[in-house]
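Trainee:
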Amino acid sequence: PLSRHPTQQPWQCVNPLQGKPSLTHWAVLQRNSTWPASCGDARGTRLSLIPISGRSHQLRVHLAAIGHPIIGDRFYGSMDPTFRSDRLLLHATSITLRHPTTNSPITFEVKAPF
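Under my numbering, the first residue of the sequence shown carries the number 30, and numbering increases by one thereafter.
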């Protein structure tokens, strides 16, 4: 369950008592991955993340809460310089929307640039 952080807005936090339900499905795609030069020598695990409930900052908060923040996340990420990046290493590889006039689903797919 996620809610607004009580003192640090716009941050979100895990709040089992007052948070709204949130669910993220995840799967490991690759372990010990290397990242772009902007990340130095960082290695990590590439995940597939599917937000079921769509809360603000949901993916970032869920991963940070279990001790695995997303590389380059300046809000919820690690202060360890090994895991810094000039960008957040979070990328939607696929998104489906409804066309505004036909109401037909349209899917866009783009490979992650990192």
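Note that the Cβ used here is the ideal one computed from N, Cα and C, for glycine as well.
What you are looking at is a predicted structure, and each value in this text was computed from that prediction instead of being measured.
Taking DSSP's pairing of strands, which residues face Gln59 in a bridge?
Mentor: Partner(s): Arg75.
Trainee: Just to confirm my understanding: we take Arg72, look at its own chain, exclude 5 residues before and 5 after, and list those with CB closer than 8 Å. What are they?
Mentor: Asn61, Ser62, Thr63 and Trp64
Trainee: The alpha helix (DSSP H) with Arg89 in it runs from where to where?
Mentor: In the DSSP assignment, Arg89 falls within the unbroken alpha helix (DSSP H) covering Gln87 to Ala94.
Trainee: Measuring CA to CA, which of Val90, Arg113, Ile79 and Asp102 is closest to Thr125?
Mentor: Ile79
Trainee: By DSSP, does Arg80 sit in helix, in strand, or in coil?
Mentor: Correcting the residue identity first, residue 80 is Pro in this sequence and not Arg. Reduced to three states, the DSSP call for Pro80 is strand.
Trainee: Using the Cβ count rule (16 or more neighbours within 10 Å means buried), how would you classify Asp102?
Mentor: buried
Trainee: Which same chain residues, not among the five before or five after His128, have their C-beta less than 6 Å away from its C-beta?
Mentor: Ile135
Trainee: Taking the alpha-carbon of Ile81 as reference, which of Gln38, Leu52 and Thr74 has the nearest alpha-carbon?
Mentor: Leu52
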